[in-house]
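In the working numbering, the protein residues as written are 192 to 398. For every residue, glycine included, the Cβ atom is placed at its ideal position computed from N, Cα and C. Note sheet for the following structure.
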């Protein structure tokens with residue numbers, strides 16, 4: 192199956208998957224996409240074939256290993272998310288745009304904008320959720336959420352390549368959940384911060 196065999200539905204689904212998943216696990220996206228192309232499991236569009244290069248795979252694999260362990264440690268995971276706020280979103284834009292390449296500039300622009308938006312949505316939802324979960328003393332919910340993120344990325348990428356309609360349904364569900372979690376947990380975090388300020392702040396600040 193050649194890259195030309197990918198129809199428009201597959202390309203749109205792939206661009207959306209790369210954008211959304213980059214907001215969760217950027218290095219996993221780069222590594223698994225490049226590995227799938229290098230092994231001949233899936234055809235990659237021309238703009239993504241650079242991900243198959245051995246040096247890109249090695250660098251992405253190394254960072255994937257670092258992120259895998261960093262994401263399992265409460266506190267460090269939120270610091271990691273904060274540092275990657277300015278990495279995941281533009282990377283999601285670039286990967287989504289690369290699906291269509293320079294030969295389809297209009298589609299590439301649309302895909303880049305959509306990919307950046309999806310990356311921002313998933314990144315904010317992830318960072319907010321993990322920050323809220325880190326207020327709990329038990330470590331199991333943090334680990335469970337991290338493992339769920341590890342599983343979600345390859346699953347969504349596989350659906351984008353093989354079942355674009357099912358991927359679209361899963362993406363809509365994921366976006367709805369992301370927005371709801373972000374709104375609810377952001378309110379929770381704001382209330383928590385106000386409570387901590389009132390408790391530990393100076394009398395003048397509390398007044």
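Cutoff 6 Å; reference residue 200; Cβ partners in own chain excluding five residues on either side: Beyond the five residues adjoining it in sequence on each side, residue 200 comes within less than 6 Å, by CB distance, of 355 in the same chain, given in chain order.
Mind listing, in chain order, the continuous alpha helix (DSSP H) runs of no fewer than 4 residues lying wholly within the stretch 243 to 307? 245 to 261, 267 to 274, 276 to 289, all fully within the stretch 243 to 307.
Looking only at its chain, what residues have a beta carbon closer than 6 Å to the beta carbon of residue 345, apart from the 5 residues adjacent to it on each side? The residues are 223.
Residue span of the alpha helix (DSSP H) that contains residue 332, given as start and end: For residue 332, the enclosing alpha helix (DSSP H) starts and ends at 331 to 353.
Hey, could you find the ends of the alpha helix (DSSP H) residue 205 is sitting in? Residue 205 -> alpha helix (DSSP H) spans 199 to 229.
Hey, residue 373 and residue 316: beta-carbon distance below 9 Å or not? It is a contact, given that the beta carbons lie within the stated cut-off.
Reduced DSSP category for residue 363 - H, G, I as helix; E, B as strand; rest coil: Of the three classes helix, strand and coil, the one that applies to residue 363 here is helix, per DSSP.
Taking all protein chains shown into account, do 16 or more other C-beta atoms lie within 10 angstroms of the C-beta of residue 231, making it buried, or fewer, making it exposed? It is exposed - the Cβ of residue 231 has fewer than 16 other Cβ atoms within 10 Å.
Less than 9 Å separating the beta-carbons of residue 307 and residue 264? Not closer than 9 Å, so no.
In whole angstroms, give me the CA-to-CA distance for residue 312 and residue 351. Cα to Cα, the separation comes out at about 18 Å.
Top-ranked residue by Cα proximity to residue 304, from 325, 210, 198: Measuring from the Cα of residue 304, the nearest candidate turns out to be 210.
So what's residue 327 in DSSP terms, helix, strand or just coil? Residue 327 falls in the coil class under three-state DSSP.
Measure the beta-carbon distance from residue 276 to residue 314 and round it to whole angstroms, keeping in mind my assumption that it falls under 8 Å. Indeed they touch by this definition, with Cβ atoms about 7 Å apart.
What is the DSSP secondary structure of residue 235, counted as helix, strand or coil? Under the three-state reduction of DSSP, residue 235 is assigned to coil, being neither helix nor strand.
Nearest-angstrom Cα distance between residue 269 and residue 278? The straight-line gap from Cα to Cα measures roughly 15 Å.
Would a C-beta distance cut-off of 9 Å place residue 208 and residue 362 closer than the cut-off? Going by C-beta atoms, residue 208 is nearer than 9 Å to residue 362.
Exposure label - residue 329; buried when at least 16 CB within 10 Å: The Cβ neighbour count for residue 329, taken over all protein chains shown within 10 Å, is under 16; the residue is labelled exposed.
Please list, in chain order, all residues of the same chain as residue 334 whose beta carbon is under 8 Å from its beta carbon, the five residues on each side excluded. So the qualifying residues of the chain are 263.
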